[in-house]
Amino acid sequence: MTNNPKGYVSFVLHAHLPFIHHPESDNYLEEEWLFEAISETYIPLLMNFRKLEEEKVDFRLTMSLTPPLLSMLASPLLQKKYIKYLYKHIDLCENELVRTKDNSRMNNLSKYYLDRYSSDLHIFQDVYNCNLIEGFKHFQDIGVLEIITCRSYSWLFPYFIC
2 MTNNPKGYVS FVLHAHLPFI HHPESDNYLE EEWLFEAISE TYIPLLMNFR
52 KLEEEKVDFR LTMSLTPPLL SMLASPLLQK KYIKYLYKHI DLCENELVRT
102 KDNSRMNNLS KYYLDRYSSD LHIFQDVYNC NLIEGFKHFQ DIGVLEIITC
152 RSYSWLFPYF IC
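If you count by our numbering, then the sequence shown holds residues 2 to 163, one letter each, in order.
Have a look at this one:
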C-alpha cells in the first residue's frame with residue numbers, strides 16, 4: 002500500500018455582477034440584479050458568517066469580490082435605491098397579506114416575504130449602516146474570510162473571465 006499525500010480542495014465563492022448604474026433613472030430593471038443579489042446572497046452570507054462567529058465555529062472561506070461589484074456596493078445612490086427597492090417590496094407584501102387573507106398558503110408566503118424584506122432593511126440600515134463591504138471586511142479582519150479580487154472583463158464580453 003502506498004502512502005498518498007493529503008490533498009486539499011478549496012471552494013472559492015465568487016461575487017460579481019456587471020457594472021450597472023443609472024443615476025438618470027429611478028427605476029432601472031438591471032439595477033434590480035444588484036438588489037436581488039444583496040437580498041438573496043450577500044446579506045444571507047454575512048448573517049451566516051455572523052452566526053458562525055457567535056457560535057465560535059472555526060471556519061475559513063475565500064471569496065472574490067470584483068471591482069464592479071464593490072463599486073456598486075459602495076455607491077450611496079445605489080444604497081438609497083436598494084432601500085427604496087426594499088420599501089417597495091415591503092409595501093407589496095403588506096398589500097398581498099390583505100389580498101390573500103382567505104388563502105392561507107399564499108398568505109403565509111406573503112408573510113414570509115414581508116418578514117424577509119423587513120429583515121433585510123433592518124440588517125442593511127441598522128446592522129451594516131448601508132455598508133456591506135465593511136461587513137465582509139470585518140470577517141477578513143478576524144481571519145476567517147480571505148477576500149481576493151478578480152479582473153473582470155464584463156465590459157468586453159457578455160460573460161466575465163477570471
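We put the beta carbon where it would ideally sit given N, CA and C, even for glycine.
Here Leu-133 carries a helix assignment [DSSP, helix/strand/coil]. By the Cβ-count criterion, Tyr-118 is buried, with 16 or more other Cβ atoms from all chains shown falling within 10 Å of its own Cβ. For Glu-147, the three-state secondary structure derived from DSSP is strand.
Going by DSSP, Ser-76 is part of no beta strand (DSSP E) at all; its letter is neither H nor E. In the DSSP assignment, Leu-46 falls within the unbroken alpha helix (DSSP H) covering 44-55. Taking 8 Å as the upper bound for CB-CB distance, Ile-149 and Ala-75 are not in contact here, some 18 Å apart.
DSSP places Leu-87 in the helix class (H, G or I) of the three-state scheme.
Within a 10 Å sphere around the beta-carbon of His-123 sit fewer than 16 other beta-carbons, which makes this residue exposed. For Leu-79, the closest alpha carbon among the candidates Gln-141, Phe-137, His-139 and Leu-30 is that of Leu-30. Boundaries of the beta strand (DSSP E) harbouring Leu-66: 62-66, taken from the DSSP string. Lys-82 counts as buried, since no fewer than 16 other beta carbons sit within 10 angstroms of its beta carbon. Separation of Cys-151 and Asn-104 (C-alpha to C-alpha, rounded to the nearest whole angstrom) is 47 Å.
Rounded to the nearest angstrom, the Cβ distance from Asn-108 to Lys-102 is 6 Å, consistent with a contact under 8 Å. Cβ-Cβ distances below 7 Å link Phe-140 to Phe-50 and Leu-146 in the same chain, with the five nearest sequence neighbours on each side left out; the list follows chain order.
One thing to note: Ile-44 has its Cβ within 8 Å of the Cβ of Asp-121. Counting along the chain, the unbroken alpha helix (DSSP H) around Tyr-113 starts and ends at 105-123.
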